[in-house]
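The structure appears below as structure tokens.
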Amino acid sequence: MSRLADLLARLAPWLALATALVAATRFFGDAIWPCPVSCQGGGHYQRLFGVPVHIPAVAALVVIAGLAWWRRAWAGYTAWAAAGASLYFLWIAWRLDLTCAYCFTVHAGVLLTAACCLSGGWLGRMMVASLVFLGLHLAFHPGVVVDGPAAPPPAQTPEVGGFFTPRPTATTATIPADLDRLRRQGGELAAYVLEVAVDLHCPHCAASAGPLSTALRDHLAAGRVEVVTRFLTRASAPSGRELAAHVLGAANPVQTDLLIRMLLGTPEGRGWSQVRSRIAELADPAALEARQVERQAGIAALLDGDAQRLRTLKARTTPFAALSHRGSEPFLRWEGAAFDPAAIAREIPAD
Numbered sequence: 000m001s002r003l004a005d006l007l008a009r010l011a012p013w014l015a016l017a018t019a020l021v022a023a024t025r026f027f028g029d030a031i032w033p034c035p036v037s038c039q040g041g042g043h044y045q046r047l048f049g050v051p052v053h054i055p056a057v058a059a060l061v062v063i064a065g066l067a068w069w070r071r072a073w074a075g076y077t078a079w080a081a082a083g084a085s086l087y088f089l090w091i092a093w094r095l096d097l098t099c100a101y102c103f104t105v106h107a108g109v110l111l112t113a114a115c116c117l118s119g120g121w122l123g124r125m126m127v128a129s130l131v132f133l134g135l136h137l138a139f140h141p142g143v144v145v146d147g148p149a150a151p152p153p154a155q156t157p158e159v160g161g162f163f164t165p166r167p168t169a170t171t172a173t174i175p176a177d178l179d180r181l182r183r184q185g186g187e188l189a190a191y192v193l194e195v196a197v198d199l200h201c202p203h204c205a206a207s208a209g210p211l212s213t214a215l216r217d218h219l220a221a222g223r224v225e226v227v228t229r230f231l232t233r234a235s236a237p238s239g240r241e242l243a244a245h246v247l248g249a250a251n252p253v254q255t256d257l258l259i260r261m262l263l264g265t266p267e268g269r270g271w272s273q274v275r276s277r278i279a280e281l282a283d284p285a286a287l288e289a290r291q292v293e294r295q296a297g298i299a300a301l302l303d304g305d306a307q308r309l310r311t312l313k314a315r316t317t318p319f320a321a322l323s324h325r326g327s328e329p330f331l332r333w334e335g336a337a338f339d340p341a342a343i344a345r346e347i348p349a350d
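Below, the structure written as structure tokens:
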């Protein structure tokens, strides 16, 4: 049994390291990193002090993998420090209901390594793990942060002379009707309204867009439902708002839909300048940019309105859809793994 434990202690960190390297190097494409938790509201925990967390994670695993062969005693304490980090991220995943097979595999490898490295006393190991756990909790935020729809900028207090400064007043910018129409499909007087939240960085939104369009085709043609696309832009990925703003520079609803389909699944961090050459295959980027500048105030109001609406709906995980009778609040909703285009279509009566 001791030989088996020794073998596991040597091999487990290499398993965790290999999995982390697959994610960090995007070996299977851009869908791996940033990992899927960013679509589930966990984007806040993907960077620490501006550095992607996979960089120090990979470095720590390299150290543990090396020490496991040559300095077993040191490897034990290093592995338990890494175990404290893994336990913290698993706790966050449990609190926010996040799932990522790659992350869980890495954490499982780290915890297995720690379990096999039993050099030193239990008190010392638990103290190391606890200190790392608490240190990360304080470094990220002394609380659990949900990365939902980004809040609009706070109202600015006007600069006024005198002793008293008036309190800021909330102002509601008007969304031009022609701009609002760009993200709507179907009949304006349809009995049902389907609000669909899309995150242009979400690979799951990209995968579900085609099936949803196919499932709703007959309902849209018959004018039974109006589909309203709401842009979910996250605080952890400001590039998403930049992309959405340029999408709203489209000439008509058809072009808006085509742009959304092209940009869905864009890796986080890639803004307009990185996708401009791709857009040129579909539309004139210069024309989109000109209209985006011209409509700037209205676009900002629309995106802020979408953020407020999605917070009201408690939409955090994408893809997301909410079905309602026109003029009333939603009575059905689908999100994340439960998002089912066929089920959505079945809830809209054919007559």
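Per numbering that gives the first Met the number 0, numbering through the sequence shown is continuous, rising by one, with the last residue being 350. Cβ coordinates follow ideal geometry from the N, Cα and C atoms, glycine included. Since the structure is predicted, the reported quantities are computational estimates derived from the model, not experimental observations.
Quick check: residue i and residue j, are their CB atoms within less than 7 Å of each other?
i: GLN39; j: THR316; result: yes
i: SER129; j: LEU110; result: no
i: ALA56; j: ALA82; result: no
i: ALA351; j: PHE230; result: With the chain covering only 0 through 350, there is no way to say anything about residue 351.
i: ALA344; j: LEU215; result: yes
i: ALA234; j: GLU267; result: no
i: LEU178; j: ARG294; result: yes
i: ALA336; j: PRO329; result: no
i: HIS135; j: TYR87; result: Here the sequence assigns Leu to residue 135, which means His is not the residue at that position. Yes, the pair counts as a contact, with Cβ atoms nearer than the cut-off.
Any idea which residues DSSP pairs residue i with across the strands?
i: ARG332; result: ALA321
i: PRO12; result: According to DSSP, PRO12 bridges with nothing at all.
i: LEU193; result: VAL226, LEU322
i: VAL50; result: LEU47
i: ARG183; result: VAL227
Spatial neighbours of residue i within its chain, please: C-beta separation below 8 Å, excluding the five flanking residues on both sides.
i: ASN251; result: LEU181
i: ILE259; result: VAL197, LEU199, ALA208, THR228, VAL246
i: GLY304; result: ILE174
i: ALA289; result: GLY248
Going by Cα to Cα distance, which pick from the options is closest to residue i?
i: VAL226; options: HIS140, PHE319, LEU262, ALA306; result: PHE319
i: GLU280; options: MET261, PRO266, ALA234; result: MET261
i: ALA190; options: LEU89, PHE139, ARG223; result: ARG223
i: ALA306; options: GLU194, GLY108, GLY134, GLY49; result: GLU194
i: PHE139; options: ARG94, LEU47, LEU211; result: LEU47
i: PRO51; options: ALA19, LEU95, LEU287, ARG277; result: ALA19
i: VAL127; options: ILE174, TYR76, LEU97, PHE103; result: TYR76
i: ILE91; options: LEU258, MET125, LEU133; result: LEU133
i: ALA196; options: ILE347, ARG308, VAL253; result: ARG308
i: GLU334; options: CYS204, CYS115, ALA80; result: CYS204
i: ALA220; options: ALA17, GLY186, THR228; result: GLY186
i: GLU346; options: THR104, HIS218, ARG269; result: HIS218
i: LEU97; options: GLN45, VAL131, GLN291; result: GLN45
i: LYS313; options: SER276, SER327, ARG332, LEU66; result: ARG332
i: THR104; options: VAL21, ALA342, ALA285, PHE338; result: VAL21
i: ALA176; options: ILE278, TRP93, ILE298; result: ILE298
So, at 7 Å on beta carbons, what are the nonlocal neighbours of residue i in its own chain, with the 5 sequence-adjacent residues on each side left out?
i: GLY160; result: Because GLY160 sits at a pLDDT of 44, beneath the cut-off of 50, its placement in the model cannot be relied upon, and the following sentence gives the value as read from the coordinates. Closer than 7 Å at the Cβ level, and outside the excluded window around GLY160, lies no residue.
i: TRP271; result: GLU241, LEU242, HIS245
i: GLY239; result: ASP198, LEU199, HIS200, THR232, ARG233
i: PRO340; result: SER207, PRO210, LEU211, ALA214
i: THR265; result: LEU199, HIS200, LEU242, VAL274
i: TRP13; result: ALA64
i: GLN254; result: ALA282
i: ARG269; result: SER238
Spatial neighbours of residue i within its chain, please: CB distance less than 6 Å, with the 5 preceding and 5 following residues excluded, ordered by chain position.
i: VAL192; result: GLU225, SER323, ARG325
i: PRO348; result: none
i: LEU287; result: HIS245, GLY248
i: LEU16; result: LEU60, ALA64
i: TRP79; result: ALA113, ARG124, VAL127, ALA128
i: HIS106; result: SER85, LEU89
i: ILE278; result: PRO284
i: VAL131; result: ALA80, GLY83, ALA84
What distance in whole Å lies between the Cβ atoms of residue j and residue i, which are believed to be in contact at a cut-off of 8 Å?
i: LEU89; j: GLY41; result: About 12 Å; that fails the 8 Å criterion.
i: GLN184; j: ASP256; result: 7 Å
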